[in-house]
Ligand SMILES: CC(C)(COP(=O)(O)OP(=O)(O)OC[C@H]1O[C@@H](n2cnc3c(N)ncnc32)[C@H](O)[C@@H]1OP(=O)(O)O)[C@@H](O)C(=O)NCCC(=O)NCCS
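Residue numbers (the UniProt record's numbering): 1 to 178.
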């Protein structure tokens, strides 16, 4: 897959992206959302090799700097569905790039005939769900205290709620809610 937008190229990872991947993934080690607590730069080579072969992870390259500033995840799910995920380098957030990339991959997937694209996020992750609102995804569910990524000081799980957002392929009969 290769998609070009105004500012970005969304493409397969390449081995030369190792340092860029390492830069934004290190920011995720202690992150509140979308954390990768075990990530180290030693693992970046292995990770970029894996992603370069993957048809679920895509690099977001900023055209003007020829730099990978994040990634899109498009996990394959049953019933011709994809799960969308996204992470942007903190130094490049709040420029509209996350929205631009997500909108472009959704359009691409819809044109490829994918039936449904969904994503999940915590209600506290306002940047994430506002992004989904902005690009036309619909909030379909609010699950209460259904996931736990962190423990409290007593080692007890801290449960979070989950929003589920989705978009249906508007070119399929009867789905006009895009
Ligand atoms: C969620 C995430 C990908 C959004 O990426 P982003 O590139 O910052 O997204 P955008 O720039 O499109 O939108 C973010 C905000 O910047 C604002 N913005 C966009 N362009 C802007 C500009 N030129 N100047 C100022 N603000 C701008 C948007 O209005 C938006 O504001 P809002 O969140 O209050 O609605 C990013 O915050 C991230 O990587 N978070 C950590 C990982 C994560 O949580 N992933 C999702 C897990 S569910």
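Ideal Cβ placement from N, Cα and C applies to all residues, glycine included. Being a predicted model, the structure only gives us computed values, none of them experimental.
Flag this pair as yes or no: are the beta carbons of residue i and residue j separated by less than 9 Å?
i: residue 19; j: residue 52; result: no
i: residue 167; j: residue 134; result: no
i: residue 97; j: residue 62; result: yes
i: residue 86; j: residue 131; result: yes
i: residue 108; j: residue 165; result: no
i: residue 65; j: residue 24; result: no
i: residue 10; j: residue 72; result: yes
i: residue 33; j: residue 121; result: yes
i: residue 60; j: residue 88; result: yes
i: residue 106; j: residue 70; result: no
Who are the near neighbours of residue i in its chain, counting only those whose CB is closer than 7 Å to its CB and skipping five residues on each side?
i: residue 142; result: 161, 163
i: residue 21; result: 44, 47, 48, 68
i: residue 26; result: 39, 41
Excluding the five sequence neighbours on either side, which residues of its own chain have a C-beta within less than 6 Å of the C-beta of residue i, listed in chain order?
i: residue 5; result: 100, 104
i: residue 152; result: 158
i: residue 110; result: 169
i: residue 199; result: In the structure as shown, the chain begins at 1 and stops at 178. Residue 199 is therefore absent and cannot be evaluated.
At what residues does the beta strand (DSSP E) containing residue i begin and finish?
i: residue 4; result: 2-4
Apart from the five residues just before and just after residue i, which ones in its own chain have a Cβ nearer than 8 Å to its Cβ?
i: residue 37; result: 29, 30
i: residue 145; result: 159, 160, 161
i: residue 172; result: 115
i: residue 138; result: 165, 166, 167, 177
Less than 9 Å between CB atoms is the rule here; does residue i satisfy it with respect to chain D?
i: residue 133; result: The structure shown contains no chain D; it is built from a single protein chain.
Practice problem: Could you tell me whether the region 43-50 touches the region 80-89, where touching means 3 or more Cβ pairs closer than 8 Å? | Solution: no
Quiz prompt | Continuous beta strand (DSSP E) assignments of at least 3 residues falling wholly in the UniProt domain "N-acetyltransferase" (13-170) | solution = DSSP runs (the beta strand (DSSP E)) wholly in the UniProt domain "N-acetyltransferase" (13-170): 57-62, 67-77, 81-88, 116-121, 138-151, 157-168.
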